[in-house]
Ligand SMILES: [Zn+2]
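Encoded structure:
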């Protein structure tokens, strides 16, 4: 408890929705202890994070850069003692999403993304709150498949020991 009184609560917002999180950033940018790591695949709601902050925005153009960027940004923040991770688990980067989708971001890529995020949180003992976000049904993504994508987040959140062991190897 004393620790919490001596420093502000540290919150990491990890925004993995396809679109940039400029609205969220405008709300939290002046709150001490809040960092936003934003990995988007399109420039809608683009913003420039304060260079004096640890917040970042990556706009990914090639699917092969997606998971390495998620890993890189999480690793860059690993020395920061966050109290809470709030993950915007958007499904609209998926290649079949009617809005936002980036070719090459497959279901397997999204599944690995969720394992990376929750594995990181467990290794660093950071509690996670997440939102089921993004994901637009259309000709290539019906509602049942979209629900299956959202289930990947819930699965990763609810699979403690296996992911933890993976991360520690
Ligand atoms: Zn979106």
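In this note's numbering, the protein residues as written are 25 to 193.
We put the beta carbon where it would ideally sit given N, CA and C, even for glycine.
Quantities reported herein were computed from a predicted structural model and do not represent experimental measurements.
Where are the alpha helix (DSSP H) runs, 4 residues long or more, that stay fully inside the segment 83 to 165, in chain order?
-> Taking only runs of at least 4 residues, the alpha helix (DSSP H) segments lying wholly in the segment 83 to 165 are 90 to 100, 131 to 147.
DSSP three-state label for residue 38, please. strand
**Study point:** residue 42, buried or exposed, once every other Cβ within 10 Å from all chains shown has been counted against 16
**Key:** buried
Among 80, 173, 178, 120, whose alpha-carbon lies nearest the alpha-carbon of residue 142?
Answer by Cα proximity: 178.
Considering only DSSP beta bridges, list what residue 178 is partnered with.
None, per the DSSP bridge assignment.
| message | Is any non-hydrogen atom of ligand 1 found closer than 8 Å to the C-beta of residue 157, if you look at the structure I gave you? | response | yes
### Task
Below 8 Å on the Cβ atoms is my guess for residue 114 versus residue 40; work out the distance and round it to an integer in Å.
About 5 Å separates the two Cβ atoms, so the contact holds.
Open item on the list: Is residue 125 a contact residue of ligand 1, with contact defined as CB to any heavy atom under 8 Å?
Closed with: no
Distance cut-off 8 Å: residue 122 Cβ against heavy atoms of ligand 3: Here the bound small molecules are ligand 1; ligand 3 is not part of this structure.
Length of the line joining the Cα atoms of residue 164 and residue 146: Cα to Cα, the separation comes out at about 34 Å.
- Task: Apply the 10 Å Cβ neighbour rule to residue 48 and answer buried if 16 or more other Cβ atoms are within range, or exposed otherwise.
- Result: buried
Selection from 118, 152, 123 that minimises the alpha carbon distance to residue 136 = It is 118 whose Cα lies nearest to the Cα of residue 136.
Close-in-space but distant-in-sequence residues of the same chain around residue 93 (CB under 8 Å, 5 per side omitted): 63, 82, 84
Margin query: So, for residue 95: in the same chain, excluding its five sequence neighbours on each side, which residues have a beta-carbon less than 8 Å away from its beta-carbon?
Written below: 140
Q.
Using only CA atoms, which one of 59, 76, 159, 173 lies nearest to residue 138?
A. 173
Output yes or no for whether 9 Å exceeds the beta carbon distance between residue 111 and residue 38. Taking C-beta atoms as the reference points, residue 111 and residue 38 count as a pair closer than 9 Å.
Exercise. Since I believe residue 71 is in contact with residue 129 (beta carbons under 8 Å), could you give me their beta-carbon distance rounded to a whole number of angstroms?
Key: Not really, about 22 Å apart at Cβ, beyond 8 Å.
Between the C-alpha atoms of residue 192 and residue 125, what's the straight-line distance to the nearest angstrom? For residue 192, the predicted structure reports a pLDDT of 41, less than 50, and the residue's modelled location is therefore unreliable. A value from the coordinates is still provided. Rounded to whole angstroms, residue 192 to residue 125 spans 32 Å at the Cα level.
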